[in-house]
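Residue numbers (the working numbering), protein chains in the order written: chain A, 92 to 202; chain B, 29 to 141.
Dropping the structure here:
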């Protein structure tokens with residue numbers, strides 16, 4: 092059974108810092124790994140999707156990497172801004188095609 | 029449509045009443061998922077539809093919960109005899125088959141009073 096873990100559970104940084112959010116998964120037989128952002132009281136916004144054949148994806152200040160062999164993915168946020176404050180969720184999609192979510196990392200970027 | 033549409037966005041209901049939540053997926057997305065998120069909690073898988081295959085209902089918490097989907101279009105999630113613990117945001121997502129990534133709707137916030 093796939094399990095997804097996110098570390099840290101919460102992170103507070105000053106504006107302008109570069110930061111890394113970690114995600115690990117137990118079953119390496121995945122189709123893809125997806126990173127989402129969730130603002131309080133809102134739904135999920137997809138940030139980056141990494142297919143199993145890929146090693147990384149980039150969008151603006153965001154870069155996500157995937158290492159299937161070690162069961163890890165990282166989300167790198169460059170030059171963080173207060174508007175980046177949200178909960179970041181990673182999710183692994185495997186053979187059952189269900190997304191299995193981590194519990195998220197709550198990020199606060201202080202002005 | 030351009031995105032996944034859910035309705036209503038908010039629903040307040042009295043304990044014991046039935047409610048029906050609607051999800052309209054992205055056109056052409058064969059897979060559709062329902063998740064539940066209680067306040068301050070993570071996402072809880074409820075049910076998964078893929079094309080004409082039998083749905084995966086393994087996440088439904090009780091027989092008060094049911095869901096239907098007609099072909100590759102709209103899905104409805106029905107909760108009968110609602111209880112206060114059913115209060116949550118119910119999220120719907122759709123995707124192309126074969127790992128194309130999920131798109132989520134904005135959710136329905138259900139409050140049972």
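Glycine residues also receive a C-beta, built at the ideal position from the N, C-alpha and C atoms.
Please read these numbers as outputs of a predicted model, since none were measured by experiment.
Roughly how many whole angstroms lie between the Cα atoms of residue 101(A) and residue 197(A)? If you number the first chain from 1, residue 101(A) lands on position 10. If you number the first chain from 1, residue 197(A) lands on position 106. Whole-angstrom Cα-Cα distance: 4 Å.
Hey, how far is the Cα of residue 91(B) from the Cα of residue 85(B)? For the purposes of this step, residue 91(B) is taken as residue 63 along the second chain, with counting starting at 1. For the purposes of this step, residue 85(B) is taken as residue 57 along the second chain, with counting starting at 1. Their backbone Cα atoms lie some 10 Å apart in a straight line.
Same chain only: Cβ atoms within 7 Å of residue 99(A), ignoring 5 sequence neighbours per side: As a first step, residue 99(A) must be located in the first chain, where it is residue number 8. Excluding sequence neighbours, residue 99(A) sits near 196.
Look at the alpha carbon of residue 75(B) and the alpha carbon of residue 188(A), and state the distance between them as a whole number of angstroms. Position 47 of the second chain, counted from the start, is the residue given in the question as residue 75(B). Position 97 of the first chain, counted from the start, is the residue given in the question as residue 188(A). Using only the alpha carbons, I get a separation of about 12 Å.
May I have a chain-ordered list of the beta strand (DSSP E) segments no shorter than 3 residues that lie completely inside the region 50-76 of chain B? 59-65
Mapping DSSP to helix, strand and coil, what is residue 185(A)? The residue labelled residue 185(A) in the question sits at position 94 within the first chain. Three-state result, residue 185(A): strand.
Since residue 105(A) is in the beta strand (DSSP E), which residue starts that stretch and which ends it? Counting from 1 along the first chain, the entry for residue 105(A) is found at position 14. Run containing residue 105(A): 101-105, per the beta strand (DSSP E) assignment.
Residue from 143(A), 161(A), 169(A) and 145(A) with nearest C-alpha to residue 154(A): Position 63 of the first chain holds residue 154(A). Here the closest residue by C-alpha is 169(A).
Secondary structure of residue 148(A), DSSP reduced to three states: By one-based count along the first chain, residue 148(A) stands at place 57. Note: residue 148(A) maps to strand in three-state DSSP.
Status (buried if at least 16 other CB within 10 Å, exposed otherwise) for residue 162(A): In the first chain, residue 162(A) corresponds to position 71, counting from 1. So residue 162(A) counts as buried.
Step through the CB atoms of chain A and report whether any lies within less than 8 Å of the CB of residue 99(B). Translated into the one-based positions of the second chain, residue 99(B) becomes position 71. Output row for residue 99(B): interface = no.
In this structure, how does DSSP classify residue 96(B) when only helix, strand and coil are distinguished? In the second chain, the residue the question calls residue 96(B) occupies position 68. Residue state, collapsed to three classes: strand.
Limits of the unbroken beta strand (DSSP E) element including residue 129(A): As a position in the first chain, residue 129(A) is number 38, starting the count at 1. Following the DSSP letters along the chain, one finds residue 129(A) inside the beta strand (DSSP E) bounded by residues 121-129.
Simplified DSSP assignment, three categories, for residue 84(B): Position 56 of the second chain holds residue 84(B). The answer is strand: DSSP assigns residue 84(B) an E or B state.
Would you identify the three-state DSSP class for residue 142(A), choosing helix, strand or coil? One-based indexing of the first chain puts residue 142(A) at position 51. Residue state, collapsed to three classes: strand.
Name the two residues that bound the continuous beta strand (DSSP E) containing residue 167(A). Translated into positions along the first chain, residue 167(A) becomes position 76. Residues 163-168.
Please classify residue 185(A) as buried or exposed, where buried requires at least 16 other C-beta atoms within 10 Å of its C-beta. Counting from one through the first chain, the residue named residue 185(A) turns up at place 94. Burial call: buried.
Which one of 107(B), 78(B) and 41(B) has the shortest CA to CA distance from residue 99(B)? Counting from 1 along the second chain, the entry for residue 99(B) is found at position 71. That would be 78(B), whose Cα lies nearest to the Cα of residue 99(B).
Distance cutoff 8 Å, beta carbons only. Does residue 135(A) sit that close to anything in chain B? As a first step, residue 135(A) must be located in the first chain, where it is residue number 44. Cβ-Cβ to chain B under 8 Å: yes for residue 135(A).
Residues that residue 147(A) contacts on chain B, provided the C-beta gap is smaller than 8 Å: If you number the first chain from 1, residue 147(A) lands on position 56. The premise fails here: residue 147(A) is roughly 15 Å from chain B at the closest Cβ pair, so nothing lies under 8 Å.
On a Cα-Cα basis, can you pick out the residue from 52(B), 36(B), 40(B) and 39(B) that is closest to residue 132(B)? To locate residue 132(B), count along the second chain from 1; it is residue 104. The shortest C-alpha separation from residue 132(B) is found at 52(B).
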